[in-house]
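Residue numbering for the sequence shown follows full-length UniProt numbering, beginning at 1 and increasing consecutively.
All C-beta atoms in this analysis are idealised placements derived from N, C-alpha and C, irrespective of residue type, glycine included.
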Amino acid sequence: MSGAGGRTVRQHNLALLMGLICESAPVTRVELAERAGLTKVTVTNLVGELIDAGLVQDLGTTQRTGPGRPAGRVAPDPLGPVGIGLQLEVDHVAGCVVDLSGRVRRRELRRADLRRMSPAEAVRAARPVLRRLFDHATTAGQLVTGIALPVPALFGRDREGLPLVRAVPSLGWRDADLRGLLTGELDALGALGIDVRIGGPVAFAAGAECRDADVLYVGGEAEIGAVLVQDGVVRHRSAGSWGHVPVRARGRACPCGRTGCLEAYAGRAAMARAAGLAETALPRLLSGTEPFAERLAAGDRAAVRATTEVARLLADALAGPLAVLDPGAVVLGGRLAALGEPLLDPLGSRLAEQHTSPPLHVGTLGPEAALRGAASSVLADVVADPLGWSDRP
Ligand SMILES: [Zn+2]
């Protein structure tokens with residue numbers, strides 16, 4: 001029996017159960033049956049297939065104090081397939097291995113000044129990080145399903161509709177074939193046929209932050225971005241240009257080549273410069289904070305002034321998207337969320353004055369959000385087709 005899109009009911013149910021197990025493990029078969037609306041027998045059979053495929057682990061029974069038989073719980077197999085996220089930043093290359101539970105199994109970091117490098121040199125600088133991540137996965141006997149690279153880029157599309165990097169303003173790159181370069185690097189490492197995908201960091205972070213929400217997610221580390229999330233699904237994964245909407249006539253020059261962009265005020269480089277600091281990414285990745293945030297928390301006047309202005313520009317730049325999209329909430333994540341009350345208070349007040357003014361929430365994932373979201377995104381194919389994903393062309 002075939003369902004929508006030629007998928008059989010069995011394939012649909014396997015994907016449904018795999019998704020539920022990844023989201024809510026450890027979980028019993030009875031709970032799965034309730035949540036999926038399936039019979040216990042069907043769940044038991046399908047979960048058995050997922051266990052045989054090496055995707056799900058039977059954790060055995062737990063002692064229960066109440067009446068009834070002890071419940072057998074299942075979880076994603078910790079030795080199942082993994083995804084890799086790789087991030088090229090102004091002052092480092094970072095990567096991580098994430099499993100089906102969304103847990104980070106391994107982190108790797110290499111300091112490097114990418115602002116002085118071409119895209120090819122930067123991808124080469126990532127080689128030791130990639131090698132250690134792959135070594136970790138293969139030593140553990142885990143299959144790497146793919147690798148995803150969040151890039152704060154202005155994207156176009158190639159002939160197949162895949163995102164094409166037109167420019168990475170924060171690194172001064174233009175027309176960089178990052179997918180091709182990364183594929184070449186993986187070939188050199190002997191990791192052939194690995195799925196390589198590229199997308200906006202904000203979209204990857206939103207996917208990790210907003211699991212089943214209807215929100216406008218605003219975030220970013222190097223650059224500001226916004227994406228719409230509907231029922232937990234991120235729309236327009238490579239939309240990277242919201243930071244470059246004009247907010248000032250005859251405003252500051254932006255690295256994208258235009259003037260008066262939001263980025264030229266709210267971007268990481270611009271805010272660091274406003275407080276007399278050099279742009280860095282590493283301190284926030286390592287400790288969750290950055291020099292600008294520390295200045296701001298200490299009441300530094302230049303930092304406070306810059307932040308208050310950013311709150312106003314941000315709220316005004318959100319007026320258009322809010323009026324058109326009417327999301328259930330705005331979720332602020334990334335670097336701006338970490339600035340705390342000095343940004344959130346004026347931003348909240350200014351947003352409340354808009355005609356369309358949904359509640360403002362703050363994301364909970366730290367500076368790793370995009371990297372983790374990227375690594376998890378390549379595992380989505382496994383969840384969507386647990387027994388067939390490895391047969392895809
Ligand atoms: Zn710009």
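(message) I need the DSSP call for Thr-308, collapsed to helix, strand or coil.
(response) Thr-308: helix per DSSP, three-state reduction.
(message) Taking only three categories from DSSP, how would you classify Ala-4?
(response) Residue placement at Ala-4 is flagged as unreliable, the pLDDT there being 49, under the threshold of 50; the coordinate-derived value follows with that caveat. Ala-4 sits in a helix when the DSSP states are folded into three classes.
(message) Taking 6 Å as the limit, name every residue whose beta carbon sits nearer than that to some heavy atom of ligand 1, in sequence order.
(response) Near ligand 1, meaning a beta-carbon closer than 6 Å to one of its heavy atoms, we find His-244, Cys-254, Cys-256, Arg-258, Cys-261 and Glu-263.
(request) Assign Asp-231 to one of two classes, buried (16 or more other C-beta atoms within 10 Å of its C-beta) or exposed (fewer than that). (result) With fewer than 16 Cβ atoms within 10 Å of its Cβ, Asp-231 is classed as exposed.
(request) Go ahead and pull the three-state DSSP assignment for His-236. (result) For His-236, the three-state secondary structure derived from DSSP is coil.
(message) Please report the straight-line C-alpha distance between residue 417 and Gly-334, rounded to a whole angstrom.
(response) The structure shown does not extend to residue 417, since the chain is modelled only from 1 through 393, so no value can be given for it.
(message) Within the continuous beta strand (DSSP E) that includes Glu-34, where are the two ends?
(response) Glu-34 -> not in any beta strand (DSSP E); alpha helix (DSSP H) instead, spanning 29 to 36.
(request) Closer than 7 Å by C-beta to Ala-269: which residues in its own chain qualify, once you throw out the five before and the five after it? Chain order, please. (result) Excluding residues within five positions, the ones whose Cβ falls inside 7 Å are Ser-170 and Glu-279.
(request) Can you give me the Cβ contacts of Gly-219 inside the same chain, cut-off strictly under 6 Å, excluding the 5 residues immediately before and after it? (result) For Gly-219, where only same-chain residues beyond five positions count, the Cβ hits under 6 Å are Val-202, Ala-205, Gly-333 and Gly-334.
(message) Considering only DSSP beta bridges, list what Trp-389 is partnered with.
(response) For Trp-389, which the question treats as bridged, DSSP gives no partner whatsoever.
(request) Give the straight-line distance between the Cα atoms of Val-383 and Val-304, rounded to the nearest whole angstrom. (result) When rounded, the distance between both Cα atoms is 45 Å.
(message) Can you look up Thr-139 in the DSSP assignment and give me helix, strand or coil?
(response) DSSP, read as helix, strand or coil, puts Thr-139 in helix.
(message) For Arg-106, list the residues DSSP reports as bridge partners.
(response) For Arg-106, DSSP records a beta bridge to Val-97.
(message) Less than 8 Å between the C-beta atoms of Ala-148 and Val-97, yes or no?
(response) Contact flag unset, no.
(request) For Gly-54, name the three-state secondary structure that DSSP assigns. (result) Coil, per DSSP.
(request) With DSSP collapsed to three states, give me the class of Pro-169. (result) In the three-state DSSP reduction, Pro-169 falls in the helix class (H, G or I).
(request) Kindly identify the DSSP beta-bridge partner or partners of Phe-134. (result) According to DSSP, Phe-134 bridges with nothing at all.
(request) Can you tell me which of Trp-173, Arg-258, Leu-282 and Pro-255 puts its alpha carbon nearest to the alpha carbon of Arg-116? (result) Per the C-alpha coordinates, the member of Trp-173, Arg-258, Leu-282 and Pro-255 positioned closest to Arg-116 is Trp-173.
(request) Might you give, ordered along the chain, the residues of its own chain that have their beta carbon closer than 8 Å to the beta carbon of Ala-188, omitting 5 neighbours on each side? (result) Once the five neighbours on either side are set aside, the close Cβ partners of Ala-188 are Arg-127.
(request) Identify whether Thr-44 lies in helix, strand or coil by the three-state DSSP scheme. (result) Here Thr-44 sits in helix by DSSP.
(request) Spatial neighbours of Glu-89 within its chain, please: CB distance less than 6 Å, with the 5 preceding and 5 following residues excluded, ordered by chain position. (result) Contacts found: Ala-281.
(message) Buried or exposed for Val-9, going by 16 or more other Cβ atoms inside 10 Å?
(response) Residue environment for Val-9: exposed (fewer than 16 other C-beta atoms within 10 angstroms of its C-beta).
(request) Identify, in the order they occur along the chain, each residue of the same chain with its Cβ nearer than 8 Å to the Cβ of Pro-101, setting aside the five sequence neighbours on each side. (result) In the sequence on display, residue 101 carries Ser and not Pro. Excluding sequence neighbours, Ser-101 sits near Cys-22, Ala-25, Ala-75, Pro-76 and Pro-78.
(request) For Val-310, collect the residues of the same chain with a Cβ closer than 8 Å to its Cβ; drop the 5 residues on either side in sequence, then sort them by chain order. (result) Take Val-310, set aside five residues on each side of it, and the residues of its chain with a beta-carbon closer than 8 Å to its own are Tyr-265, Ala-266, Met-271, Leu-336 and Leu-343, in chain order.
(request) Can you say whether Thr-307 is buried or exposed, counting buried as having 16 or more other CB atoms within 10 angstroms of its CB? (result) With 16 or more Cβ atoms within 10 Å of its Cβ, Thr-307 is classed as buried.
(message) Taking a contact to mean a Cβ-Cβ separation below 8 Å, would you say Ile-198 touches Pro-255 in this structure?
(response) It is not a contact, given that the beta carbons lie outside the stated cut-off.
(message) To the nearest angstrom, how far is the alpha carbon of Val-165 from that of Ala-120?
(response) Roughly 13 Å between the two C-alpha positions.
(message) So the candidates are Gly-146, Leu-178, Leu-262 and Gly-184; which of them puts its Cα closest to the Cα of Gly-156?
(response) Comparing C-alpha distances from Gly-156 to each of Gly-146, Leu-178, Leu-262 and Gly-184 shows the shortest one belongs to Leu-178.
(message) Using C-beta distances below 7 Å, list every residue in its chain close to Ile-194, excluding the 5 sequence neighbours before and after it, in chain order.
(response) Excluding residues within five positions, the ones whose Cβ falls inside 7 Å are Val-144, Gly-146, Ile-147 and Leu-186.
(request) Note down the Cα distance separating Glu-209 from Ala-329, rounded to an integer number of angstroms. (result) If you take the alpha carbons of Glu-209 and Ala-329, they lie about 13 Å apart.
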